[in-house]
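So the structure is just underneath, and the comments pick up after that.
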Amino acid sequence: MTASPDARGVLHVVATPIGNLADLSPRAQQVLREVDAICAEDTRHTRTLLAHFGIDTPALALHEHNEDALAGRVVARLLAGESLALVSDAGTPLVSDPGFRLVRAAREAGIRVSPVPGPSAVVAALSVAGLPSDRFTFEGFLPARAAARREVLARLAGEPRTLVFYESSHRIAETLADMRAAFGDDRPAVLARELTKLFETVLDGSLAALQAQVDADPNQRKGEFVVVVQGAGDDADAQLAEGRRVYMLLAAQLPPSTAARLAAEITGAPRKALYGGGADDR
-17 MTASPDARGV LHVVATPIGN LADLSPRAQQ VLREVDAICA EDTRHTRTLL
33 AHFGIDTPAL ALHEHNEDAL AGRVVARLLA GESLALVSDA GTPLVSDPGF
83 RLVRAAREAG IRVSPVPGPS AVVAALSVAG LPSDRFTFEG FLPARAAARR
133 EVLARLAGEP RTLVFYESSH RIAETLADMR AAFGDDRPAV LARELTKLFE
183 TVLDGSLAAL QAQVDADPNQ RKGEFVVVVQ GAGDDADAQL AEGRRVYMLL
233 AAQLPPSTAA RLAAEITGAP RKALYGGGAD DR
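Residues in the sequence shown are numbered from -17 upward in steps of one, following my numbering.
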């Protein structure tokens, strides 16, 4: 796919499988065969994928630790007429993965950036969740530290759009517990685990029911997760969600009963629902 010396190359942003290798599209295979090189988050992982399809295109590492330093060199190759592909370890690049700095640098240099669409765990989970998908917000991975995670969830409690999160196996139980505290036990949600892989499961129910299933089955604490949570619904739901958010902020500085009383006065949410709604009363 090398261009003439006076022509600029193309940067192809190529989606790769999130599990099932058969999901690599024929077009993606053709692009990966024909480009001059592939910018990969982990070259070892990508070489395994390429070998499966008999593709021997050279791969170079481009990840969060070297993207700033490497972007200029990659753009220089594109300006010299080479065409390159950008892939992540799984799914669509730039979605909770490196690459936006390179794409931005390429566009600023006048390079054509062309998407090769394909798998995305966000869209895959939404497509099977059975929750409203006409409007949603993708939050990626929540903070690893509990206090920061709870603060983010508290801010999202009144969000009316469907919420989509990524989560890891060693934090999924804690995250579901924090979601219950922020959104309430009864908020509908879906837990999509190991999508397109051998042990794929998609569980639905209230947040309380999902946490009970995860706590009861060690297998449901293994693998990679997408958590889809229904947004705050009608005015009463939104009011309660806002009350819980304010309660959590106040409870960090005040006794729980005082925090609940003030949060109820500020938001109009029922005081008993705040004080007994899954918040930590210690």
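Ideal placement from N, C-alpha and C gives every residue a C-beta, glycine not left out.
Residue closest to residue i, alpha-carbon to alpha-carbon, out of the options
i	options	result
E133	V56, D160, S70	D160
E206	R175, V228, L189	R175
H47	L222, D38, Q212, R83	R83
L158	D197, L138, V184	D197
P252	A19, A41, E224	E224
D168	S188, L145, T119, L192	S188
A4	P40, L32, A41, A22	L32
D219	T30, K179, G166	G166
G1	T28, F120, L180, V(-5)	L180
V146	A155, V110, V104	V104
S78	P99, A91, F120, V110	F120
G36	S239, A190, E156, L6	L6
T178	A91, A255, V208	V208
T30	R55, A91, P(-1)	P(-1)
L76	L138, A155, G122	G122
Chain-order list of residues whose beta-carbon lies under 7 Å from that of residue i (same chain, five-residue window excluded)
i	result
E49	P80, R83, L84
Q195	L185, Q202
R89	V95
A53	R83, L84, A87
P170	L113, S188, Q212
F204	Here residue 204 is Lys; the residue named in the question, Phe, does not match the sequence. Within the same chain, K204 has close Cβ partners S151.
G259	Residue confidence for G259 is low, a pLDDT of 48 falling below 50, so the modelled location carries little weight and cannot support an answer.
L232	A241, L244, A245
H268	A query on residue 268 cannot be resolved here, the shown segment of the chain reaching from -17 to 264 and no further.
L256	G225, R226, Y229, A242, A245, A246
Buried/exposed call for residue i, threshold 16 Cβ in 10 Å
i	result
H152	exposed
I248	exposed
P97	exposed
P101	buried
A58	exposed
Q202	buried
A242	buried
R162	buried
P237	exposed
G140	buried
F118	buried
A130	exposed
T144	buried
P99	exposed
P200	exposed
A234	exposed
T28	buried
A51	exposed
V(-5)	buried
D(-12)	Note that D(-12) has pLDDT 48, beneath the 50 cutoff, so the model's placement of it is unreliable and the number below is only indicative. Counting Cβ neighbours within 10 Å, D(-12) comes out exposed, since fewer than 16 surround it.
Bridge-paired residues (DSSP) for residue i
i	result
S96	H(-6)
Q183	Per the sequence presented here, residue 183 reads as Thr, with Gln not at that position. Per DSSP, R175.
Y148	F123, V208
S188	P170
L68	V(-5), C21
A234	In the DSSP output, where bridge partners are listed per residue, A234 has none listed.
F118	T144
Close-in-space but distant-in-sequence residues of the same chain around residue i (CB under 6 Å, 5 per side omitted)
i	result
E182	E176
L108	S115
A136	A164, R227, M230
T25	A41, A43
T74	A(-3), S102
D262	Confidence at D262 is low in this model, with a pLDDT of 41, below 50, so its placement is unreliable and the value that follows should be read with caution. Within the same chain, D262 has no close Cβ partners at all.
H45	E23, P80
P142	G213, A214
A111	V172, V210
G250	Q221
Own chain residues within Cβ distance below 8 Å of residue i, not counting five before or after
i	result
S(-14)	Bear in mind that the predicted position of S(-14) carries a pLDDT of just 40, short of 50, making it unreliable; the figure below should be weighed with that in mind. Excluding sequence neighbours, S(-14) sits near G63.
I93	R(-10), G(-9), V(-8), L(-7), V57, L60, L61
A19	T39, P40, A41, L42, R59, E64, L66, A67
Q193	A155, L158, A159, R162
**Asked** Using 8 Å as the Cβ pair cut-off and three pairs as the minimum, do the segment 10 to 20 and the segment 57 to 71 touch?
**Response** yes
**Message:** Under 8 Å: do the segment 111 to 126 and the segment 140 to 155 share three or more Cβ pairs, one atom per stretch?
**Reply:** Yes, they touch.
**Message:** Any contact between the segment 69 to 79 and the segment -4 to 12? By contact I mean 3 or more CB pairs, one from each, below 8 Å.
**Reply:** yes
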